[in-house]
Amino acid sequence: MKKSFVKLCNLLDVTYEGETAEQRANWIANVTMSVGEGYTLDTNGDDFTVKQFGADEIEFDDADCYNFMGSAMEQERFYAADWFVVREKTTGDLYALETEDIYEF
Numbered sequence: 306m307k308k309s310f311v312k313l314c315n316l317l318d319v320t321y322e323g324e325t326a327e328q329r330a331n332w333i334a335n336v337t338m339s340v341g342e343g344y345t346l347d348t349n350g351d352d353f354t355v356k357q358f359g360a361d362e363i364e365f366d367d368a369d370c371y372n373f374m375g376s377a378m379e380q381e382r383f384y385a386a387d388w389f390v391v392r393e394k395t396t397g398d399l400y401a402l403e404t405e406d407i408y409e410f
């Protein structure tokens, strides 16, 4: 039986259309000082990448995951996310089990 998983990305790889070099540098500094390294849901444009996997296609991973929020007036704040994380065996990509509340923050 296959289950649905949402692709994750490294927080350091999160980018925004039109961001300046200064904004990018501030983002990297904030991530590094706040959480060090971690993962969040990977958006593919306006949507998320969701894949179906069977147990033989994935392995458990203990990556640290975060949601974040902020605004133009303040730095982003990171909040630990309690997701069940797996690594796809063929690509090494990380995914979180898709649950009813994974998209809520």
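In terms of this note's numbering, the sequence shown opens at residue 306 and continues consecutively.
Each residue gets a CB set at the ideal place from its N, CA and C atoms; glycine is no exception.
Nearest neighbour of Leu-399 by Cα position, chosen from Glu-381, Glu-405, Gln-357, Phe-383, turns out to be Gln-357. Contact between Gly-343 and Cys-370 holds: their C-beta atoms lie close to 6 Å from each other, under 8 Å.
Taking the Cβ atoms as the reference, Ile-407 lies roughly 7 Å from Trp-388, within the contact range of under 8 Å. Cβ neighbours of Phe-410 within its own chain (closer than 8 Å, five residues either side excluded): Asn-372, Met-374, Tyr-384. For Ile-333, the uninterrupted alpha helix (DSSP H) segment begins and ends at 326-339.
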